[in-house]
Amino acid sequence: MTANDPDARALTPRDVAVRAAVADDVAGICGFGEAHVRAHYAPLIGTAAADEQVRRWWSPQYVGAAVAARDVVVAERDGRVVGVAQHGRAGHDHVVYKLYVAPGLRGSRLGPRLVAALVERLPPDVDRLFVEHVAANRRAAAFYEREGFAVDHVDPHPSGDPALGTVWRMRTLPR
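Numbering (UniProt numbering), first residue to last: 1 to 175.
1) So the alpha helix (DSSP H) W57 belongs to, where does it begin and stop?
2) Using a Cβ-Cβ cutoff of less than 6 Å, which residues in the same chain neighbour R14 once the five nearest sequence positions on both sides are dropped?
3) Using beta-carbon positions only, say whether F130 and H153 come within less than 8 Å of one another.
4) Taking Cβ positions, are V167 and A116 nearer each other than 8 Å?
5) Spell out the partners DSSP gives F130 in its beta bridges.
6) Which residues in the same chain have their Cβ closer than 8 Å to the Cβ of V81, if we skip the five residues on either side of it in sequence?
7) Where do the N-terminal and C-terminal ends of the beta strand (DSSP E) with D148 fall, by residue?
8) Give the secondary structure of G31 by DSSP, where H, G and I count as helix, E and B as strand, and everything else as coil.
9) Which residue's Cα is closest to the Cα of G46: A163, P60, G79?
10) What's the call for E120, buried or exposed, on a 16-neighbour Cβ count within 10 Å?
11) Using 8 Å as the threshold, is the C-beta distance between A69 and L114 below it?
12) Starting from V73, trace the beta strand (DSSP E) in both directions and tell me its first and last residue.
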């Protein structure tokens with residue numbers, strides 16, 4: 001957090017509401033993606049691939065459908081989206097496909113709160129949760145390790161570049 005960052009003041013759990021996303025959140029979620037995802041991913045996967053991430057996964061159509069399916073939770077502070085998490089399925093498995101916190105709030109324990117909100121929404125018989133991230137995203141890798149997600153497998157990228165592989169992690173859920 002920096003002094004010039006609007007999110008930089010001390011954070012308490014009461015300052016940020018973590019809740020299910022609703023249709024009125026779609027524009028804010030898309031704006032959050034525009035503001036943060038490209039800048040985060042461009043150094044890791046290249047500008048063109050980062051642009052494609054935003055176009056594909058942060059469009060009003062895609063986000064709107066995910067919100068309507070009740071797969072998205074948001075962190076909101078002072079009426080602004082400052083964090084987003086999205087759940088989905090890969091076959092029978094439940095997967096966290098999005099987990100983003102505004103740069104000025106990283107390290108504030110908001111990420112674990114977003115994951116917990118997704119877990120609370122899962123059916124009671126779900127006993128494990130997967131996450132996936134690009135191998136070059138070492139910050140995500142460290143976060144997921146701290147949160148108990150162990151590497152399950154790595155899908156190589158078609159380019160053969162190991163930094164662009166998809167790392168799949170899994171955590172057993174206490175039920």
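All C-beta atoms, glycine included, are put in the ideal place defined by N, C-alpha and C.
Considering the structure as presented:
1) Reading the sequence shown from its first residue, position 57 is the one you call residue 57. Per DSSP, W57 belongs to the alpha helix (DSSP H) from 47-57.
2) Within the sequence shown, numbered from 1, the residue matching residue 14 stands at position 14. Excluding positions up to five away in sequence, the list is empty.
3) Reading the sequence shown from its first residue, position 130 is the one you call residue 130. Reading the sequence shown from its first residue, position 153 is the one you call residue 153. It is not a contact, given that the beta carbons lie outside the stated cut-off.
4) Here residue 167 corresponds to residue number 167 of the sequence shown, with the count starting at 1. Here residue 116 corresponds to residue number 116 of the sequence shown, with the count starting at 1. Result no, Cβ atoms of V167 and A116 do not sit closer than 8 Å.
5) Taking the first residue of the sequence shown as position 1, residue 130 is located at position 130. Paired residues: V95, M170.
6) Counted from its first residue, the sequence shown places residue 81 at position 81. These residues qualify, in order along the chain: D25, G28, I29, G31, F32, V74, A75.
7) Locating residue 148 in the sequence shown gives position 148, counting from the first residue. In the sequence as presented, Asp is not what sits at residue 148; that position holds Gly. Run containing G148: none; DSSP gives neither H nor E here.
8) As a first step, residue 31 is located in the sequence shown; it is residue number 31 there, counting from the start. If DSSP states are grouped into helix, strand and coil, G31 belongs with the helices.
9) What you label residue 46 is simply residue 46 of the sequence shown in a count that begins at 1. Nearest of A163, P60, G79 to G46, Cα basis: A163.
10) Residue mapping note: residue 120 aligns to position 120 of the sequence shown, counting from 1. So E120 ends up on the exposed side.
11) The residue you call residue 69 lines up with position 69 of the sequence shown. The residue you call residue 114 lines up with position 114 of the sequence shown. No; because the gap between Cβ atoms is not below 8 Å, this pair is not in contact.
12) The residue given as residue 73 occupies position 73 in the sequence shown. Where V73 is concerned, the enclosing beta strand (DSSP E) stretches over 72-77.
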